[in-house]
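Asker: Chains as they are written, first to last, in my numbering: chain B, 169 to 373; chain W, 169 to 373. Where a beta carbon is used, it is the ideal one built from N, C-alpha and C, also for glycine.
#1: Starting from the C-beta of residue 332 (chain B), find all residues in its chain whose C-beta is less than 6 angstroms away, skip the five residues before and the five after it, and write them out in chain order.
#2: Identify each residue in the stretch 236-256 of chain B for which the Cβ-Cβ distance to at least one residue of chain W is less than 9 angstroms, and report them in chain order.
#3: Quick one: what does DSSP say residue 231 (chain B) is sitting in, helix, strand or coil?
#4: Indicate the three-state DSSP secondary structure (helix, strand or coil) for residue 206 (chain B) in the structure shown.
#5: So, with DSSP's three-state summary, where would you put residue 307 (chain W)?
#6: Answer with buried or exposed for residue 181 (chain B), where buried requires no fewer than 16 other C-beta atoms within 10 angstroms of its C-beta.
#7: Give me the Cα-Cα distance between residue 173 (chain W) and residue 203 (chain B), rounded to the nearest whole angstrom.
#8: Is the CB of residue 229 (chain B) under 8 angstroms away from at least one CB in chain W?
#9: On the three-state DSSP scale, how would you describe residue 212 (chain B)?
#10: Strictly below 8 angstroms CB to CB, what residues from chain W border residue 224 (chain B)?
#11: Going by C-alpha to C-alpha distance, which of W:235, W:270 and W:278 sits closest to residue 360 (chain W)?
#12: What does residue 213 (chain B) touch in chain W if you count any residue whose Cβ is under 8 angstroms from its own?
#13: What residues from chain W crowd round residue 197 (chain B), counting only those whose CB sits closer than 8 angstroms?
#14: Scan the stretch 296-325 of chain B for residues whose Cβ lies nearer than 7 angstroms to a Cβ of chain W and list them as they occur along the chain.
#15: Taking Cβ positions only, does residue 258 (chain W) come closer than 8 angstroms to chain B?
#16: Alpha carbon to alpha carbon, what distance is there between residue 214 (chain W) and residue 356 (chain W)?
#17: For a quick check, are the C-beta atoms of residue 285 (chain B) and residue 318 (chain B) less than 8 angstroms apart?
#18: So, helix, strand or coil for residue 359 (chain B), using DSSP?
#19: Rounded to the nearest angstrom, how far is the Cβ of residue 185 (chain B) from that of residue 199 (chain B), given a contact under 8 angstroms?
#20: Can at least three beta-carbon pairs, one atom from the stretch 217-232 of chain W and one from the stretch 255-266 of chain W, be found at a separation below 8 angstroms?
#21: Going straight from the alpha carbon of residue 405 (chain B) to that of residue 283 (chain B), what length do you get?
#22: Mapping DSSP to helix, strand and coil, what is residue 158 (chain B)?
#23: How far does the alpha helix (DSSP H) with residue 242 (chain B) in it extend, from its first residue to its last?
#24: Taking three-plus beta-carbon pairs below 8 angstroms as touching, is the stretch 259-267 of chain B in contact with the stretch 314-330 of chain B?
#25: Does residue 338 (chain W) come within less than 8 angstroms of chain B when only Cβ atoms are used?
#26: Roughly how far, in whole angstroms, is the beta-carbon of residue 195 (chain B) from the beta-carbon of residue 211 (chain B), given that I think they are within contact range, below 8 angstroms?
#27: Between the Cα of residue 209 (chain B) and those of W:287, W:208 and W:237, spot the shortest distance and give me the residue it belongs to.
#28: By alpha-carbon positions, which one of B:335, B:337, B:336 and B:329 ends up nearest to residue 368 (chain B)?
#29: Hey, how far is the Cα of residue 224 (chain W) from the Cα of residue 176 (chain W)?
#30: What in chain B is Cβ-close to residue 179 (chain W), meaning under 8 angstroms?
#31: Which residue marks the beginning of the alpha helix (DSSP H) containing residue 201 (chain B), and which one marks its end?
#32: Rounded to whole angstroms, what is the Cα-Cα separation between residue 227 (chain B) and residue 363 (chain W)?
#33: For residue 216 (chain W), go through chain B and note every residue whose CB falls closer than 9 angstroms to its CB, in chain order.
#34: If you run the structure through DSSP and keep just helix, strand and coil, what is residue 372 (chain W)?
#35: Rounded to whole angstroms, what is the Cα-Cα separation between residue 201 (chain W) and residue 316 (chain W)?
#36: Grab me the residues of residue 310 (chain W)'s own chain with a C-beta within less than 7 angstroms of its C-beta, minus the 5 sequence neighbours each way, in chain order.
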């Protein structure tokens, strides 16, 4: 999404990181996606390192924002969604319902799924709190905070676990994300054998 | 440590974040430390957002490094230690042995502690791999990568769980960290009721 927003050419390569291929571990010893291979052969690992570098090298449009305090707020919210939302929601719902099925690594835990359902409501409330005060999550402009939040939300929307009916303000924010060209390709991406619900890619949901 | 390296004045305030005080949650809705309150009353949350801002506003000495690729490498390693090392080592050892005791939240899990002991050896090997090729972890200069690694290492050294006898190169790196004035205050900090081992604060260990 960052590459698209900056109108940079790229090619996506599927990597089943849990298979821990030797050639992939040579690129990233952490064994994690994303890994960016640059035009000069340089390899970059870690989503924060990659997006910060892209923002330094291709400043317009800025995805961290202008001015140190806006950038700090963007980074705070990126950590919020990448780490806290993931730990409290996505891990419970996607890892239990989708990852375990894909990797055939056990049965979903009902307690984890219940925790995920309860926690996602607090996070949607927080998105609404921010969007009642700002144009985008971190301030006046679309930023990495919106990208990070949309990445988590879209995973959980794919499994039909976002209670949109109770969160009209968050829904309006997400509709604006969905209408961005950078997000459309992402919505076309499907997990083999697990189709998304009908509303998933619809701009009008 | 970042504030000390940049020779900025500050006062540390103890926050038992797990008590989730209302006044603290008003400062940081994530309920996490660190929170930095600035001279103009601004509040900054999240260690990455705080350290990036301090590096933007007080450029010398730079703790992320000069040039986009060195900064990307620094950020990759900060994520490595903050997230991967924490998840694979510190969480297993400190959360089980120290946090559970402090918070009276159950018995340590022997399986988790065994996993932590096995994993710390791989991370020490990785520190040695880097230090055999570079002056500091991320490149020629001391950086946030060294700060992030030392933060994790010092927690596990406090509980006596770093097998220094098998990792002479990592030990030499950590001795250089320990001798920095910015780290000395940190080594004087003790967990109430749990004294560190004798070697913990010694420069010669």
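Answerer: In terms of the structure at hand:
#1: 339
#2: 236, 237, 239, 240, 241, 242, 243, 244, 245, 246, 247, 248, 251 and 252
#3: coil
#4: coil
#5: strand
#6: exposed
#7: 31 angstroms
#8: So no, residue 229 (chain B) is outside the interface.
#9: The answer is strand: DSSP assigns residue 212 (chain B) an E or B state.
#10: 236 and 239
#11: W:270
#12: 244
#13: For residue 197 (chain B), the chain W residues whose Cβ falls inside 8 angstroms of its Cβ are 294, in order along the chain.
#14: For the stretch 296-325 of chain B, which is checked against every Cβ of chain W, not one residue is closer than 7 angstroms.
#15: no
#16: Their backbone Cα atoms lie some 24 angstroms apart in a straight line.
#17: no
#18: strand
#19: The pair is a contact, with the Cβ atoms about 6 angstroms apart (cut-off 8 angstroms).
#20: no
#21: Within the shown structure, residues of chain B are numbered from 169 to 373, placing residue 405 (chain B) beyond reach of any answer.
#22: Nothing about residue 158 (chain B) can be reported from this structure: the residues present for chain B run from 169 to 373 only.
#23: 236-247
#24: yes
#25: no
#26: 5 angstroms
#27: When each option's Cα is compared against that of residue 209 (chain B), the closest is W:237.
#28: B:329
#29: 14 angstroms
#30: By Cβ distance, chain B contributes nothing, its closest Cβ being about 20 angstroms from residue 179 (chain W), past 8 angstroms.
#31: DSSP places residue 201 (chain B) in no alpha helix (DSSP H); its state is neither H nor E.
#32: 49 angstroms
#33: 216, 243, 244, 246 and 247
#34: coil
#35: 15 angstroms
#36: 304
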